[in-house]
Amino acid sequence: MQKILRFSSFVLLLLLGSTPPLHAQKVGLVLSGGGAKGLAHIGVLKQLEANGIPIDYIIGTSMGAVVGAMYSAGYSPREIEQIVLSPQFQYWVSGKQLQDKTFNYLTAEPDPSALRLGVAIDSALHARVVPNLVNDLNLNLALAKLLAPAGATCGYDFDKLFVPYRCLAAEIFTRTQVVQKSGNLADAVRNSMAVPLAFRPIRNPDGRYLFDGGIYNNFPTDVMRREFQPDIIIGVNVGDVAFNKYPYKKDDELLTNALVFLGANVADTTSVGKNGIFIQPDLQGIGATDFDRVRTLIGRGDTATQRKLALIRQRIGRRVDTLDLQRRRLAFQQAAPTPRFVQVRVQGL
Numbered sequence: 006m007q008k009i010l011r012f013s014s015f016v017l018l019l020l021l022g023s024t025p026p027l028h029a030q031k032v033g034l035v036l037s038g039g040g041a042k043g044l045a046h047i048g049v050l051k052q053l054e055a056n057g058i059p060i061d062y063i064i065g066t067s068m069g070a071v072v073g074a075m076y077s078a079g080y081s082p083r084e085i086e087q088i089v090l091s092p093q094f095q096y097w098v099s100g101k102q103l104q105d106k107t108f109n110y111l112t113a114e115p116d117p118s119a120l121r122l123g124v125a126i127d128s129a130l131h132a133r134v135v136p137n138l139v140n141d142l143n144l145n146l147a148l149a150k151l152l153a154p155a156g157a158t159c160g161y162d163f164d165k166l167f168v169p170y171r172c173l174a175a176e177i178f179t180r181t182q183v184v185q186k187s188g189n190l191a192d193a194v195r196n197s198m199a200v201p202l203a204f205r206p207i208r209n210p211d212g213r214y215l216f217d218g219g220i221y222n223n224f225p226t227d228v229m230r231r232e233f234q235p236d237i238i239i240g241v242n243v244g245d246v247a248f249n250k251y252p253y254k255k256d257d258e259l260l261t262n263a264l265v266f267l268g269a270n271v272a273d274t275t276s277v278g279k280n281g282i283f284i285q286p287d288l289q290g291i292g293a294t295d296f297d298r299v300r301t302l303i304g305r306g307d308t309a310t311q312r313k314l315a316l317i318r319q320r321i322g323r324r325v326d327t328l329d330l331q332r333r334r335l336a337f338q339q340a341a342p343t344p345r346f347v348q349v350r351v352q353g354l
């Protein structure tokens with residue numbers, strides 16, 4: 006009897022040894038747009054990483070593209086939090102000039118930044134505020150400084166970032182979404198957050214102007230599925246939701262945000278799939294332009310993720326070792342080449 010048991014155990018070990026390893030569970034993270042409310046994504050990242058939840062792919066739109074790009078570029082959630090809590094961040098998003106920066110302007114060529122909308126006053130002396138375009142010099146400089154090293158490290162191929170990445174933009178003339186997967190990382194992010202009537206678009210190397218990706222796809226779970234085929238999607242939506250009825254007493258207060266994100270589509274909560282996880286932070290009372298409420302927004306994202314942790318742990322069995330993640334992140338950061346000037350061109354003399 007003992008010989009039979011030993012033989013059975015030997016056969017079982019052989020079978021186990023010849024069985025191919027189980028498919029590693031891959032997780033895709035989708036971050037929606039929503040203006041300032043997208044800062045809640047940082048709180049989501051903090052909780053996921055603290056609990057060892059893997060993030061294998063990231064796709065973002067607008068502010069989701071900004072936060073997602075920083076994480077994919079090798080910044081930890083804590084580092085991203087410190088960046089947006091810095092006083093400089095408020096200058097970037099407001100367009101105010103930094104005190105230690107001086108810009109010498111040339112006469113600008115005509116471009117979409119020439120668009121200006123005024124302020125109308127009705128018979129009851131209520132101001133109808135419609136946003137002007139934000140001065141983006143500080144923002145462009147900041148994005149280049151933060152993201153250029155990672156872009157160079159990956160050879161401008163977003164699949165080779167610390168976390169493979171995509172971000173969406175919109176081409177309004179042919180009315181199509183553009184999935185950005187290579188090129189200048191800072192420019193790709195800048196395209197994705199070019200909210201009409203708020204930030205001017207930039208002209209891309211192919212000659213096109215691209216706008217905020219949320220115009221056509223603010224919650225790109227379909228793009229995540231098509232680009233990366235993850236086993237599980239975690240989708241975080243911070244976009245506005247439609248009202249059940251007209252907000253008569255609050256319409257003046259809500260008008261600016263409604264106009265800025267007029268074209269953004271509404272997230273489909275079922276698009277993450279049957280085994281996916283949908284996270285919707287409670288952002289009641291917070292607007293798309295409330296960039297001064299950074300701590301509150303990060304906290305709301307953190308809280309919303311904590312409430313879904315039991316479901317996340319149940320559906321995602323794989324875990325990431327925190328120390329190993331930190332080592333890999335540091336190695337990616339240290340691989341960045343030293344910036345150097347290859348050409349200097351002077352205009353206006």
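For the sequence shown, our numbering assigns the number 6 to the initial residue and increments by one for each residue that follows. Think of the CB as a built atom: it goes at the ideal place given N, C-alpha and C, for glycine as much as any other residue.
1) Helix, strand or coil for Leu302 per DSSP?
2) Runs of 4 residues minimum, wholly inside the region 194 to 242: which ones carry the alpha helix (DSSP H) assignment?
3) Taking all protein chains shown into account, do 16 or more other C-beta atoms lie within 10 angstroms of the C-beta of Asp307, making it buried, or fewer, making it exposed?
4) Quick one: what's got a C-beta closer than 8 Å to Val16's C-beta in the same chain, skipping five residues either side?
5) Is it right to say Val351 is buried, meaning 16 or more other beta carbons lie within 10 angstroms of its own, or is it exposed?
6) According to DSSP, which residues form a beta bridge with Val35?
7) Closer than 8 Å by C-beta to Asn109: which residues in its own chain qualify, once you throw out the five before and the five after it? Chain order, please.
8) Does DSSP put Gln182 in a helix, a strand or coil?
9) On the DSSP letters alone, give me the boundaries of the alpha helix (DSSP H) that Arg334 sits inside.
10) Let me check understanding here. Comparing Cα to Cα, which of Pro154, Ile284, Val71, Gly100 lies closest to Gly342?
11) Roughly how far, in whole angstroms, is the beta-carbon of Ile282 from the beta-carbon of Val49, given that I think they are within contact range, below 8 Å?
12) Look up Asp307 in the DSSP assignment and say whether it is helix, strand or coil.
13) Could you compute how far the alpha carbon of Arg205 sits from the alpha carbon of Leu90?
14) Given Val98, which residues of its chain have a CB within under 6 Å of its CB, disregarding the five upstream and five downstream residues?
15) Who are the near neighbours of Arg323 in its chain, counting only those whose CB is closer than 7 Å to its CB and skipping five residues on each side?
16) Tell me which residue opens and which closes the alpha helix (DSSP H) that Ala149 is part of.
17) Does the beta-carbon of Tyr62 have 16 or more other beta-carbons within 10 angstroms, so that it is buried, or is it exposed?
18) Determine, using beta carbons only, whether Leu215 and Ala272 come nearer to each other than 8 Å.
19) Check for me: the alpha helix (DSSP H) holding Ala45 runs from which residue to which?
20) Tell me which same chain residues have a C-beta within less than 6 Å of the C-beta of Ile64, skipping the five on either side of it?
21) In the DSSP output, which residue or residues are listed as bridge partners for Arg171?
22) In terms of residue numbering, what span does the beta strand (DSSP E) encompassing Ile284 cover?
23) Just tell me which of Asn196, Tyr221, Val200 has its CA closest to the CA of Pro210.
24) Taking C-beta to C-beta, are Thr301 and Gly40 nearer than 8 Å?
25) If I follow the unbroken alpha helix (DSSP H) through Pro82, where does it start and stop?
26) Measure the alpha-carbon distance for Tyr253 versus Gly160 and round it to whole angstroms.
27) With burial defined as no fewer than 16 other Cβ atoms inside 10 Å of the residue's Cβ, what is the status of Ala336: buried or exposed?
28) Report yes if the CB atom of Ile238 is closer than 8 Å to the CB atom of Gly33, and no otherwise.
29) Which whole-angstrom value is the C-beta distance of Pro82 and Ile47, which I expect to be below 8 Å?
30) So, with DSSP's three-state summary, where would you put Ser99?
31) Could you check which residue in Ala45, Lys313, Leu152, Gly278 has the C-alpha nearest to that of Gln338?
32) Run through DSSP, which three-state label would Asp287 get?
33) List the DSSP bridge partners of Asp162.
The short version:
1) helix
2) 226 to 233
3) buried
4) For Val16, the predicted model reports a pLDDT of 46, less than 50, meaning its position is unreliable; a value from the coordinates is still stated below. The answer is none, since no qualifying residue turns up.
5) exposed
6) Ile64, Gly240
7) In this prediction, Asn109 scores a pLDDT of 48, lower than 50, which makes its location untrustworthy; no coordinate-derived value is stated.
8) strand
9) 327 to 339
10) The amino acid occupying residue 342 in the given sequence is Pro; Gly does not appear at that position. For Pro342, the nearest C-alpha among the options comes from Pro154.
11) Their Cβ separation, rounded to whole angstroms, is 11 Å, which puts Ile282 and Val49 out of contact at 8 Å.
12) helix
13) 24 Å
14) Phe296
15) Ala29, Gln30, Pro59
16) 142 to 158
17) buried
18) no
19) 45 to 55
20) Val35, Arg171, Pro225, Val228, Met229
21) Ile64
22) 282 to 284
23) Asn196
24) no
25) 82 to 90
26) 52 Å
27) exposed
28) yes
29) 6 Å
30) helix
31) Leu152
32) coil
33) Ser187
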